[in-house]
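Enquirer:
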Amino acid sequence: MLHTKPFPGTSRIPFEQLCRDASMMLGLAETQALGTGQPVVLDGVALELQRKGGANQFVLLADMGHAAQDHKADIYERLFLLQMISWAQPGLRYGFNADRATLVMCLEASCGPGADGEWLARVIRAAAAEVTRLRSTLLA
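Position 135, counted from 1, in the sequence shown is what numbering that gives the first Met the number 0 calls 134; the numbers after and before it change by one each time, with no gaps.
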């Protein structure tokens with residue numbers, strides 16, 4: 000399960016700095032990419048953060064990969080079912096990237112006053128782990 004609530008802390012960190020801190024904690028070579036909406040790859044999963052609305056809201060997009068042509072309908076059906084049973088997590092959705100023709104896990108989150116690089120790194124790592132799990136089950 001993905002955790003999107005910030006952990007207690009003392010001050011608000013600018014989004015770009017939060018992304019740099021998380022990138023360093025994740026060992027990413029390009030520490031500026033996440034804060035500027037550019038994709039990064041963690042554990043074989045392409046991820047990007049897109050700012051949404053206010054300065055503290057973002058959407059994490061995690062590329063799940065391609066659905067096999069002969070199993071697309073079944074995969075889409077199972078993704079819709081998974082989304083339906085995840086109704087208690089309205090910020091978690093599955094979509095389709097038309098430019099890449101890939102499935103995408105979308106996670107809406109907000110950075111509260113206690114959000115720090117460690118918190119964001121955990122969110123990103125959990126998203127990558129969930130995509131890896133779905134690739135080995137749903138998309139396999």
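Glycine included, every Cβ here is placed at the ideal spot set by N, Cα and C.
#1: Taking the C-alpha atoms as reference points, what is the distance between glutamine 31 and alanine 87?
#2: Suppose you measure from the CA of leucine 25 to the CA of isoleucine 74; what does that come to, to the nearest Å?
#3: By a C-beta neighbour count over all protein chains shown, 10 Å radius and 16 as the cutoff for buried, is alanine 139 buried or exposed?
#4: Bridge partners of serine 109, per DSSP?
#5: According to DSSP, what are the bridge partners of methionine 104?
#6: Between the C-alpha atoms of alanine 97 and lysine 51, what's the straight-line distance to the nearest angstrom?
#7: Between the C-alpha atoms of arginine 77 and phenylalanine 14, what's the straight-line distance to the nearest angstrom?
#8: Are the CB atoms of alanine 126 and leucine 46 nearer to each other than 9 Å?
#9: Where does the unbroken alpha helix (DSSP H) through leucine 17 begin, and where does it stop?
#10: State the start and end residues of the unbroken alpha helix (DSSP H) segment that holds glutamate 129.
#11: Helix, strand or coil: which one does DSSP assign to arginine 99?
#12: In chain order, what residues of the same chain lie with their CB nearer than 7 Å to the CB of proline 89, ignoring the 5 residues before and after it?
#13: Helix, strand or coil for alanine 72, going by three-state DSSP, please let me know.
Expert: Reading from the atomic positions:
#1: Glutamine 31 and alanine 87 have their C-alpha atoms spaced approximately 33 Å apart.
#2: C-alpha separation (whole angstroms): 30 Å.
#3: Its Cβ having fewer than 16 others within 10 Å, alanine 139 is exposed.
#4: Here serine 109 is bridged, per DSSP, to Gln56.
#5: Paired residues: Ala61 and Tyr93.
#6: Using only the alpha carbons, I get a separation of about 20 Å.
#7: Here the alpha carbons of phenylalanine 14 and arginine 77 stand approximately 34 Å from one another.
#8: Yes, the pair counts as a contact, with Cβ atoms nearer than the cut-off.
#9: 14-25 is the span of the alpha helix (DSSP H), which, as asked, contains leucine 17.
#10: Its alpha helix (DSSP H) spans residues 116-136.
#11: Coil, per DSSP.
#12: Result list for proline 89: empty, nothing under 7 Å.
#13: The three-state secondary structure of alanine 72, taken from DSSP, is helix.
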